[in-house]
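Report on the following structure.
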Amino acid sequence: MTPSPTPHFELGIASFGDFTPDPATGAQVSPQQRMKDLLEEIELADQVGLDVFALGEHHRPDYLISSPATVLAAAATLTKNVRLSSAVTVLSTDDPVRVFQQFATLDLISGGRAEIMAGRGSFSESFPLFMGDAPIDYDGLFRERLDLLLTLREHTHVTWTGQTRPSLHGEGVYPRPLQDPLPVWLAIGGTPNSARRAGTLGLPLALAIIGGLPEQFRGLIDLYRASGQAAGFGPDRLKVSINSHGLIADDSRVAADTMFPVHKAVFEKLGQERGWRNAVTREAFERDRSLRGAYFTGDPQEVADKILYQHEVFGHDRFTLQNGGGTLPHAVVMRSIELLGTQVAPVVRAEIARRTGAAG
Numbered sequence: 001m002t003p004s005p006t007p008h009f010e011l012g013i014a015s016f017g018d019f020t021p022d023p024a025t026g027a028q029v030s031p032q033q034r035m036k037d038l039l040e041e042i043e044l045a046d047q048v049g050l051d052v053f054a055l056g057e058h059h060r061p062d063y064l065i066s067s068p069a070t071v072l073a074a075a076a077t078l079t080k081n082v083r084l085s086s087a088v089t090v091l092s093t094d095d096p097v098r099v100f101q102q103f104a105t106l107d108l109i110s111g112g113r114a115e116i117m118a119g120r121g122s123f124s125e126s127f128p129l130f131m132g133d134a135p136i137d138y139d140g141l142f143r144e145r146l147d148l149l150l151t152l153r154e155h156t157h158v159t160w161t162g163q164t165r166p167s168l169h170g171e172g173v174y175p176r177p178l179q180d181p182l183p184v185w186l187a188i189g190g191t192p193n194s195a196r197r198a199g200t201l202g203l204p205l206a207l208a209i210i211g212g213l214p215e216q217f218r219g220l221i222d223l224y225r226a227s228g229q230a231a232g233f234g235p236d237r238l239k240v241s242i243n244s245h246g247l248i249a250d251d252s253r254v255a256a257d258t259m260f261p262v263h264k265a266v267f268e269k270l271g272q273e274r275g276w277r278n279a280v281t282r283e284a285f286e287r288d289r290s291l292r293g294a295y296f297t298g299d300p301q302e303v304a305d306k307i308l309y310q311h312e313v314f315g316h317d318r319f320t321l322q323n324g325g326g327t328l329p330h331a332v333v334m335r336s337i338e339l340l341g342t343q344v345a346p347v348v349r350a351e352i353a354r355r356t357g358a359a360g
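Residue numbers are given in the UniProt record's numbering: position 38 of the sequence shown equals residue 38, and the series is strictly consecutive.
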């Protein structure tokens, strides 16, 4: 019997299109320049052989991207191989028909490289914009819209009835994507019900880890896989992606010194908004960038070691790095992307291929 090929471990970049001022000088590039920089970052990720570039949807002044599909469509014309994903599409406040149409269109433009990462989002600004101020069953809303999105990718003509949008009575939804089915990942922030839902539906799982120890999240992934296996899905369907903040530089101390002020400014601002009391300290940051911490900040060997350490914990299939957690100089981000593709990725892929080959 011919042995199965060793799975390819995927590495990539996630970005919210951060649009925050320099914490030291207050300087900020124009929105046009920031978008130009972002497209150059996606193009570089493709050139250095990374597997995916994912863009998050937000509706607030410190993030530039409210329409990931639009930016990804522009990036599709500049790239050849990198997969283009949202991170996330806030499905609760968008219409699944329009989401499907937009990403089907992106799939055609990109030659079959589009992905949807569906989630509830970590901010609430989209709700008053699109849903008004009526009371909302947040879980029921998301569950229903995810059901419609998955139905749309299976059928061109859809008959569907729900509570959160008008019913469909066999209307056709066009265009159809090149990929069949169009990939849909379920993004979660750490709730067991969400992990169970992804497994039961046989959807690949994207987990953001921005704090704590990786072992604390192992139970979620075990629950996801157990739920998927109980629903009859095999390993080919039960994929896991880990997304974390970090920064790669040629020198570890330079990486930390560059990221920390931006990280501190962003998270203390969010803390004020959300009622967190604790200041972000350098001591805590250094702890979080250690081998068992949440941040992938350091030189290429440190970051490779950390990805491989987490692979021992999770056995995951994809890792995406979110540079800085705030707006860093474009040149710094470009170097981080280059190092991820040219120095980190070969080490990680070779070692994981060795491990999985030996296990097989």
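Positions of the beta carbon are idealized from the N, C-alpha and C atoms, including for glycine.
Beta strand (DSSP E) containing N278: first to last residue?
Here N278 belongs to no beta strand (DSSP E), and DSSP marks it neither H nor E.
Give every residue of the same chain whose Cβ lies closer than 8 Å to the Cβ of P31, excluding the five residues on either side of it in the sequence, and list them in chain order.
F19, L64
Would the stretch 307-320 count as touching the stretch 252-266 if we require 3 or more Cβ pairs under 8 Å?
no
Decide if T156 is buried, meaning its Cβ has at least 16 other Cβ atoms within 10 Å, or exposed.
exposed
In the structure shown, what three-state DSSP assignment does L148 receive?
helix
Could you tell me if L207 is buried or exposed, where buried requires 16 or more neighbouring beta carbons within 10 angstroms of its beta carbon?
buried
Can you give me the start and stop residues for the alpha helix (DSSP H) that N193 sits inside?
192-201
Just the C-alpha distance for D62 and L55, rounded to the nearest angstrom, thanks.
14 Å
Beta-bridge partners of Y63, as assigned by DSSP
D18
For H311, report the span of its alpha helix (DSSP H) as first-last.
300-314
Inter-residue Cα distance where the pair is D305 and S241:
17 Å
Every unbroken beta strand (DSSP E) inside the stretch 122-169 [3 residues or more]:
157-160
For P183, is the classification buried or exposed, using 16 other Cβ atoms within 10 angstroms of its Cβ as the cut-off for buried?
buried
C-alpha distance - A75 paired with V333, whole-angstrom precision
17 Å
DSSP three-state call for T2: helix, strand or coil?
Its pLDDT being 33, under 50, T2 is placed unreliably by the model, and the measurement read from it follows with that caveat. Correct three-state label for T2: coil.
I believe G119 touches I188 by the beta-carbon criterion, under 8 Å. Please report the beta-carbon distance rounded to the nearest angstrom.
7 Å
Do you know how far the Cα of I248 is from the Cα of H263?
14 Å
Are A87 and F103 touching if we call contact CB-CB under 8 Å?
no
Give the straight-line distance between the Cα atoms of T2 and D236, rounded to the nearest whole angstrom.
With a pLDDT of 33 at T2, under the threshold of 50, the modelled position of that residue is not reliable, and no figure is offered here.
Which residue or residues does DSSP assign as beta-bridge partners of M117?
W185
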